[in-house]
Every structure is written in structure tokens, then in C-alpha cells.
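**Student:** Got a structure here, written out as C-alpha cells. Questions coming.
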Amino acid sequence: MAALIKAANAKIRSNPMLNYICSTHFWGPVSNFGIPVAAVLDTQKSPDLISGQMTGALCIYSATFMRYSLAVTPKNYLLFACHFVNECAQLTQGYRYLSYHNWGGKEKHDLEKGIEAAKEKVEKVENKVKDAIKRARFGLPPSLRTRIPEEGGTRDAELSPPFKASIQDGLLT
């Protein structure tokens, strides 16, 4: 059994590509790529979730291991690429953190939320006014209703007497 394992190991180690795939120079960076993938995905989340201390620590970590990946023999370019992607993502997150917390991003976000809330309230009031107008129109007696010409026919309008007279005189169209 030991001879079979020794023969399989010798066969794998004789092929440079298989030897690389079976080494820690390959599997270390591959397993480490979870960190930069998560960092890149986090760039789509709200900046108020970013931890400034953790972002700073990961920037130092990635810069250190970028240097380490080129200092070892043989140079580990896959590890360098992993930490380069992570460094770029963490610098992006650091910029987003500073922009949100130190450079007015939080205030701008709060202002945009306030404007959205105001627009929603205005829309609700508009709908209430339209509903009140509809109820008022249908609540008028037939003697105060008039026919308004429209494209494709006429429609009933329930207007107060001064407006009814204005329409009949042709002052309002």
C-alpha cells in the first residue's frame, strides 16, 4: 500500500502543473480568495455598515502579504493577485467609509431620505385632495351639473354656480 501511495506521489510530483496544484502555493491563495470576494461584494452595501478599524487592518494585512508573496521563493503570484484584489477593495471601502462618516455623506443620505419622505407625503395629500374632489362632484345635485366637451364626447362636471356660469359664458375652457 505504501508503495502505491509513493508511486502516485512521484507521478504527481513529476508533472509541474499537478505539482503546483497539489502545493500550498496554490491552495493557500485559492482558499484565501474568500476575503477579497467578500470585500468586492461589500462595495454594493450601505456605507454605514463599514467598520473603519477593520478596513484599516485589512489594508495593512493585504499590503504586508502582497510583499510577502513576492519575497518567498518561488514567488507566489497567485497570492499576490489575491491580496492585490483585496487591497483595492479595502481601499475602496476605506474611501466609502471616510466619504460617508467624515466628508458629509451621512448628511447627504439623510437629506435624500427626507426628500423622499416629503415626496411620499405630498403624493398622499394629492390623492386625498383628488378623492375629496371626486366625492364633492358626485355629491352635487343635477341642477348644478354641466356637460364639459372633451375629445371623444362630453362628461358631467359638478361645479359651483360661479364656475358653471364661467363655463357657460366661455370664460373657462
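Position 75, counted from 1, in the sequence shown is what full-length UniProt numbering calls 75; the numbers after and before it change by one each time, with no gaps. For each residue, glycine too, the CB sits at the ideal point set by N, CA and C. Please read all numbers here as calculations on a predicted model, not as lab measurements.
With a threshold of 16 other CB atoms inside 10 Å of the CB of N86, please say whether the residue is buried or exposed.
**Tutor:** Flag for N86 reads buried.
**Student:** Who are the near neighbours of F84 in its chain, counting only those whose CB is closer than 7 Å to its CB and skipping five residues on each side?
**Tutor:** Around F84: M66.
**Student:** Ends of the alpha helix (DSSP H) at T64?
**Tutor:** Its alpha helix (DSSP H) spans residues 52-71.
**Student:** Compute the Euclidean distance between the alpha carbons of A3 and N32, then round it to the nearest angstrom.
**Tutor:** Each residue's Cα considered, the two are about 34 Å apart.
**Student:** Which runs of the beta strand (DSSP E) fall wholly inside the stretch 104-132 and span at least 3 residues, in chain order?
**Tutor:** Within the stretch 104-132, no complete beta strand (DSSP E) run reaches 3 residues.
**Student:** Enumerate in chain order the residues of its own chain whose CB-to-CB distance from L70 is below 7 Å, with the five nearest sequence positions on each side excluded.
**Tutor:** Around L70: F80.
**Student:** Note down, in chain order, each residue of its chain lying with its Cβ closer than 6 Å to the Cβ of I35, except the 5 sequence neighbours on either side.
**Tutor:** Excluding residues within five positions, the ones whose Cβ falls inside 6 Å are N86.
**Student:** Are the beta-carbon atoms of N76 and H25 separated by less than 7 Å?
**Tutor:** Contact flag set, yes.
**Student:** Quick test of your reading: V40 and A89, contact by CB under 8 Å. State the CB separation rounded to the nearest angstrom.
**Tutor:** So it is a contact: roughly 5 Å between Cβ atoms.
**Student:** Can you tell me whether Q53 is buried or exposed, with buried defined as 16 or more other CB within 10 angstroms of its CB?
**Tutor:** Exposed: under 16 other Cβ atoms inside 10 Å.
**Student:** Can T55 and G94 be called in contact, C-beta distance under 7 Å?
**Tutor:** Their beta carbons are under 7 Å apart, which means T55 touches G94 by this criterion.
**Student:** Thinking just about the alpha-carbon of each residue, which of L18, C59, K124, K45 is nearest to the one in L91?
**Tutor:** For L91, the nearest C-alpha among the options comes from C59.
**Student:** Kindly indicate which three-state DSSP category S14 falls into: helix, strand or coil?
**Tutor:** Reduced to three states, the DSSP call for S14 is helix.
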